[in-house]
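Quick notes on the structure that follows.
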Amino acid sequence: MTTAATGTPVRVVLVDDQELVRSGMRRILRRRDGFEIVAECGDGAELPAALAKHEVDVVLMDLRMRDVDGITATRRLTESGDGPPVLVLTTFDDDEMLSGALRAGAAGFLLKDSSADDLIRAVRTVATGESWLDPAVTGRVLSSYRTSTPAPPRAADSSHEALTAREHEVLLAMAAGRSNSEIASDLFISELTVKSHIGRIFTKLGLRDRAAAIVYAYDQGLVSPGRG
């Protein structure tokens, strides 16, 4: 995984059917700021070929595309098991689409009208293996997720009871959108310790990534939509 510490740029694939949008992303995600746009796709159908040709750290994915939409493309990438994380871009009123993207395995989502600084932070965050859920719509999206996703089996309802008190704190902090460094500062522990706790949380709860852990916390009622 590329990180700022390596001195190499974060390699990004842009997937959006609007050239104007891709042009705007290119102007923001500049090489001098630590990014490299290695490929551009006008549809989700073009993504597999781009990934086969380039090493990629993050896929920046639009949701609404004519042939293969962003949810389908994200699901296919997740099912392949070895693809880069996906950060989806959408408009403010796409709650149902965003909850679908989370079910498909997206690592996070960002509104298209977000600031350039937020886009930069979001891409960097997802490239390091964390999630980025835009706080402007997270509560609504996860509420939609809970409405449209069948309840988990009863055996899963109490699985969080296997967490230690500290792991439970870390899970709630993740659900609140805190980064690893922020969690470390809040709990007076090292980032390495935070990462260890997160790894054990994933294992105990059978979760694939940070976004899934955040969804789990909301789905099990550990955190309520709209609660900061």
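First residue of the sequence shown? That's -10 in the working numbering, and the numbers climb one at a time after it. We put the beta carbon where it would ideally sit given N, CA and C, even for glycine. Computed from a predicted model, the values in this text were never measured in an experiment.
Problem - Alpha-carbon spacing of Gly33 relative to Asp46, whole angstroms - result: Here residue 33 is taken as the residue at index 44 of the sequence shown, counted from 1. Here residue 46 is taken as the residue at index 57 of the sequence shown, counted from 1. So the two alpha carbons sit approximately 17 Å from each other.
Exercise for the section: Hey, could you find the ends of the alpha helix (DSSP H) Thr156 is sitting in? Expected result: As a position in the sequence shown, residue 156 is number 167, starting the count at 1. The question names Thr, but residue 156 in the sequence shown is Glu. Segment Ala154 to Ala164, the alpha helix (DSSP H) holding Glu156.
Exercise for the section: Select from Asp175, Ala154, Asp123 and Ser179 the residue whose C-alpha is nearest the C-alpha of Ile203. Expected result: Indexing the sequence shown from 1 puts residue 203 at position 214. Here the closest residue by C-alpha is Asp123.
Problem - Alpha-carbon to alpha-carbon, Thr80 and Asp5 - result: Indexing the sequence shown from 1 puts residue 5 at position 16. Indexing the sequence shown from 1 puts residue 80 at position 91. One C-alpha to the other measures close to 13 Å.
Exercise for the section: Would you kindly work out how many angstroms separate the C-alpha atoms of Leu176 and Lys42, rounded to a whole number? Expected result: Working through the sequence shown from its first residue, we reach residue 176 at position 187. Working through the sequence shown from its first residue, we reach residue 42 at position 53. Roughly 42 Å between the two C-alpha positions.
Exercise for the section: Taking only the alpha-carbon atoms, compute the straight-line gap between Lys193 and Thr153 and give it to the nearest angstrom. Expected result: Taking the first residue of the sequence shown as position 1, residue 193 is located at position 204. Taking the first residue of the sequence shown as position 1, residue 153 is located at position 164. Approximately 10 Å between the Cα atoms of the pair.
Problem - Euclidean distance between Cα positions of His149 and Leu9 - result: By one-based count along the sequence shown, residue 149 stands at place 160. By one-based count along the sequence shown, residue 9 stands at place 20. The alpha-carbon atoms of His149 and Leu9 are separated by roughly 45 Å.
Exercise for the section: Drop a sphere of 10 angstroms on the beta-carbon of Asp51, count the other beta-carbons inside from all chains shown, and report buried for 16 or more, exposed for fewer. Expected result: Within the sequence shown, residue 51 is the residue found at index 62, counting from 1. With 16 or more Cβ atoms within 10 Å of its Cβ, Asp51 is classed as buried.
Problem - Per DSSP, cross-strand counterpart(s) of Arg57 - result: Against the sequence shown, residue 57 aligns to sequence position 68. One detail in the question is off: residue 57 reads as Val in this sequence, not Arg. DSSP, once it has assigned bridges, lists no residue as partnering Val57.
Exercise for the section: Under 8 Å by Cβ, that's how I've got Leu99 and Asp107 pegged, so tell me the actual separation to the nearest angstrom. Expected result: Here residue 99 corresponds to residue number 110 of the sequence shown, with the count starting at 1. Here residue 107 corresponds to residue number 118 of the sequence shown, with the count starting at 1. Confirmed, Cβ separation roughly 7 Å.
Handout entry: Reference Arg21, options Ile109, Gln209, Ala162 and Arg53, closest by Cα
Key = In the sequence shown, the residue the question calls residue 21 occupies position 32. When each option's Cα is compared against that of Arg21, the closest is Ile109.
Problem - Distance CB(Ala116)-CB(Met163) smaller than 9 Å - result: By 1-based counting over the sequence shown, the position of residue 116 is 127. By 1-based counting over the sequence shown, the position of residue 163 is 174. No, the pair does not count as a contact, with Cβ atoms beyond the cut-off.
Practice task
Could you name the residues of the same chain whose beta carbon sits closer than 8 Å to that of Ala252, not counting the 5 residues immediately before and after it, in chain order?
Solution key: As displayed, the chain neither begins before -10 nor continues past 217, which places residue 252 out of reach and without an answer.
Problem - Option in Glu68, Gly31, Asp198 and Ser69 with minimal Cα separation from Arg55 - result: As a working mapping, residue 55 is identified with position 66 in the sequence shown. Ranking the options by Cα distance to Arg55, first place goes to Gly31.
Practice task
Taking Thr63 and Gly94 to be in contact with their CB atoms under 8 Å, please state how far apart those CB atoms are, rounded to whole angstroms.
Solution key: Start at 1 with the first residue of the sequence shown, and residue 63 comes out as number 74. Start at 1 with the first residue of the sequence shown, and residue 94 comes out as number 105. Yes, they are in contact, since the Cβ atoms of Thr63 and Gly94 sit about 6 Å apart, within 8 Å.
Practice task
Let me know the secondary structure DSSP gives Asp5 once reduced to three states.
Solution key: For the purposes of this step, residue 5 is taken as residue 16 along the sequence shown, with counting starting at 1. The answer is coil: DSSP assigns Asp5 none of H, G, I, E or B.
Exercise for the section: Just mark Asp102 as buried or exposed, buried being the case when its beta carbon has 16 or more other beta carbons within 10 Å. Expected result: As a first step, residue 102 must be located in the sequence shown, where it is residue number 113. Exposed, by the Cβ-count rule.
Exercise for the section: Could you tell me whether the Cβ atoms of Val212 and Ala165 are closer together than 9 Å? Expected result: Taking the sequence shown and counting its residues from 1, one reaches residue 212 at position 223. Taking the sequence shown and counting its residues from 1, one reaches residue 165 at position 176. It is a contact, given that the beta carbons lie within the stated cut-off.
Problem - Beta carbon of Arg65 nearer than 9 Å to that of Glu25 - result: For the purposes of this step, residue 65 is taken as residue 76 along the sequence shown, with counting starting at 1. For the purposes of this step, residue 25 is taken as residue 36 along the sequence shown, with counting starting at 1. For Arg65 and Glu25, no; Cβs fall outside 9 Å.
Practice task
Put Asp32 into one of helix, strand or coil per three-state DSSP.
Solution key: Position 43 of the sequence shown holds residue 32. Note: Asp32 maps to coil in three-state DSSP.
Practice task
Name the two residues that bound the continuous beta strand (DSSP E) containing Val47.
Solution key: Taking the first residue of the sequence shown as 1, we reach residue 47 at position 58. From DSSP, the beta strand (DSSP E) with Val47 extends over Val47 to Asp51.
Problem - Gly97 vs Ser120 beta-carbon contact at 9 Å - result: If you number the sequence shown from 1, residue 97 lands on position 108. If you number the sequence shown from 1, residue 120 lands on position 131. A contact, by the Cβ cut-off of 9 Å.
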